[in-house]
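Asks: This is the structure I want to talk about, given as structure tokens.
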Amino acid sequence: MENKGNSNNLMDKIVSLCKRRGFVFPSSEIYGGFASSYDYGPLGVELKNNIKKAWWDEMIKKHGTIVGLDSAILMSPKIWEASGHLTAGFADVMAECKKCQRRFREDYVGEGKCPECDGELTKGRKFNLMMKTFVGPVEDKASIAYLRAETCQGIYVNFQNVRESMRLKIPFGIAQIGKAFRNEITPGNFTYRTREFEQMEMQFFVHPKEADKWLDFWMKERLQWYVSYGIKKENLRLREQKKDELAHYSKRAADIEYKFPFGWKEVEGIHNRGDWDLKNHEKHSGKKLSYRDEETGRDFIPHIIETSAGADRSALTFLVDAYEEISGGRTVTTQSIKESEVILKLNKKLSPVKVAVFPLSKKEELSQKTKKVFNLLKVRFESQYDETGSIGKRYRRQDEIGTPYCITVDFETLKDNAVTVRDRDTMKQNRIKIEELEKYLSERLA
Ligand code: GAP
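Numbering (our numbering), first residue to last: 591 to 1036.
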């Protein structure tokens, strides 16, 4: 009965749902859009915030050895020299069309002809992915700065500030969520690859002898996080990178991949960055970035195990995985209503709207009572009030955005002060006293 549809079709449906229901809009739409940029609508921003909160809580609360940071997007360009991002390490080989000036990735290099206008292509050259800007009133070489290409560099350059101010001993971690920018040559697949995106990165500082042990630990831990928030195990895999795939900073790495409609693709990278970052920042800044071993009294550069997830990619993963289509709809026998065709079976903690409240009809006395219930709940849970269309249509609207609970106020409510609470997944309906609603919902949404 349940049908995910074929791949492109499924992505088209998800893109359309996102636009129609206020998850994700094409950016600058009234001006014809802006290449591969997207805006999160009212439901999208709630979903992404819930994902970021779930990640933050996991890092900060669960482990007890990880602290947070929010560093600047604009930083000294020297950081990007030291990190290797301004040199060959962070570049794609591109060929440029002599006629239309478009650039194409390595895949096209060698074909000689531009796939867009048939013009002649130059030989492959390396193009850096850093986004350049100018700081201050003068646009000259001295004022060039870069939008950060990964959030973690802000963590490395604050390593001693954080360690000293928080009196931390290794192993410990620093977590950060924030925007990153890359001049991607081939963005695409909706929000999967964009030029502006958000990362959720955690850098774990360890003794060099323990790096492999912690890499293994974090690989398991991070894979489990996606499962614990409902991603189906069969759609996830951990793939160790081959030597020739490793980023310039990486000694050993694995990707957490998800089976998207467009293939198995990376959602998160877990890297053993060794001493690459701290050693290079120490060299370029002239400031000590070592750590004193209390037992031996010797200084050493801690090694870094990094977990690097995309907030946008995670949001897309959760949306794709939650999307279910029921052909023929579902039937609620008690009310013989043909129900929704699309259900977003998001984990309840991630759902953008937790509770929807409906009056059975638009009769004044029912609306009034329903609004009272809505006002009671809206301060605790993201809630919606809806009185338009049949109850079936209203259920369908909520299923489509993944709302876990729908509450109906009917004429009985006026007598017994109880409402019907319907569960998105089981479709079970329970009669609950209004004064017990808050407790009933918080137990199930916690
Ligand atoms: N600090 C390490 C680092 O940035 P990465 O593998 O280049 O590693 C980590 O990126 C994660 O950031 C990816 O797994 C992905 O989720 C997200 N990401 C990277 N580039 C992206 C892009 N162009 N669009 C959306 N997300 C991106």
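Even glycine gets a Cβ: it sits at the ideal position worked out from N, Cα and C.
Would you identify the three-state DSSP class for D911, choosing helix, strand or coil?
Replies: In the structure shown, D911 sits in a helix (DSSP, three-state: H, G or I).
Asks: Apart from the five residues on each side of it in sequence, which residues of its chain come closer than 8 Å, Cβ to Cβ, to A777?
Replies: Sequence check: residue 777 is Pro here, not Ala. Hits under 8 Å: A625, S626, R783, T784, R785.
Asks: Can you tell me whether D845 is buried or exposed, with buried defined as 16 or more other CB within 10 angstroms of its CB?
Replies: Buried, since its Cβ has 16 or more Cβ neighbours within 10 Å.
Asks: May I ask you to report which of helix, strand or coil DSSP gives V747?
Replies: If DSSP states are grouped into helix, strand and coil, V747 belongs with coil.
Asks: Can you give me the Cβ contacts of N1007 inside the same chain, cut-off strictly under 8 Å, excluding the 5 residues immediately before and after it?
Replies: Once the five neighbours on either side are set aside, the close Cβ partners of N1007 are K1023, I1024, E1025.
Asks: Using alpha carbons as the reference points, say which of Q743, L600, L637, L633 lies closest to S666.
Replies: With distances taken between Cα atoms, S666 lies closest to Q743.
Asks: Any idea which residues DSSP pairs K855 with across the strands?
Replies: Beta-bridge pairing links K855 to Y848.
Asks: Between which two residues does the beta strand (DSSP E) harbouring E1048 extend?
Replies: Examination of residue 1048 is not possible in this model, given that the chain is present from 591 through 1036 alone.
Asks: Can you tell which of R1021, D1013, Q988, R987 has the C-alpha that lies nearest to the C-alpha of E1002?
Replies: Per the Cα distances, R1021.
Asks: Quick one: is I734 buried, meaning 16 or more other Cβ sit within 10 Å of its Cβ, or exposed?
Replies: Flag for I734 reads exposed.
Asks: Output the distance between the C-alpha atoms of L633 and W645, rounded to the nearest integer angstrom.
Replies: Going by the C-alpha atoms only, they are around 18 Å apart.
Asks: Report the residue from A901, I997, K953 whose alpha carbon sits nearest the alpha carbon of A770.
Replies: Closest option to A770, Cα to Cα, is A901.
Asks: On the DSSP bridge assignment, give the partners of M684 in chain order.
Replies: The partner list for M684 (beta bridge, DSSP) reads R695, R715.
Asks: Can you name, in chain order, every residue of its own chain whose Cβ lies under 6 Å from the Cβ of Y628, other than the five neighbours on each side?
Replies: For Y628, where only same-chain residues beyond five positions count, the Cβ hits under 6 Å are V614, S617, T781.
Asks: Is the separation between the beta-carbon of L1031 and that of D1000 shorter than 8 Å?
Replies: Against a cut-off of 8 Å, the Cβ pair of D1000 and L1031 comes out as no contact.
Asks: Go through its chain and collect everything with a Cβ distance to I991's Cβ below 7 Å, but skip five positions before and after it.
Replies: R611, L633, L934, P942, V943, listed in sequence order.
Asks: When the Cα of E774 is compared with those of R757, K716, F794, which residue comes out closest?
Replies: Minimum Cα distance to E774 is reached at K716.
Asks: Just the C-alpha distance for I570 and C996, rounded to the nearest angstrom, thanks.
Replies: Since the first residue shown for the chain is 591 and the last is 1036, residue 570 is missing from the structure and cannot be characterised.
Asks: Scan the region 860 to 904 and note each continuous beta strand (DSSP E) run of 3 residues or more that stays entirely inside, going in chain order.
Replies: The region 860 to 904 contains these whole beta strand (DSSP E) runs: 893 to 900.
Asks: For A662, count neighbouring Cβ atoms within 10 angstroms of its own Cβ and tell me buried if that reaches 16, exposed if not.
Replies: Exposed, because fewer than 16 other Cβ atoms sit within 10 Å of the Cβ of A662.
Asks: Compare the Cα-Cα distances from L600 to each of V932, V1011, R986, L1035 and report the closest residue.
Replies: Minimum Cα distance to L600 is reached at V932.
Asks: Please report the distance separating the alpha-carbon of Y746 from that of K1029.
Replies: Near 44 Å, if we compare the C-alpha coordinates of K1029 and Y746.
Asks: Can you look up I927 in the DSSP assignment and give me helix, strand or coil?
Replies: Reliability of the predicted coordinates at I927 is poor, the pLDDT of 49 falling under 50, and no value is obtained from them.
Asks: Check I821 in the structure and name its three-state DSSP category.
Replies: Correct three-state label for I821: coil.
Asks: Leaving out the 5 sequence neighbours to the left and right, which residues in its chain are closer than 7 Å to I604 when beta-carbon positions are compared?
Replies: Within the same chain, I604 has close Cβ partners L909, V910, Y913.
Asks: Can you say whether H838 is buried or exposed, counting buried as having 16 or more other CB atoms within 10 angstroms of its CB?
Replies: So H838 ends up on the exposed side.
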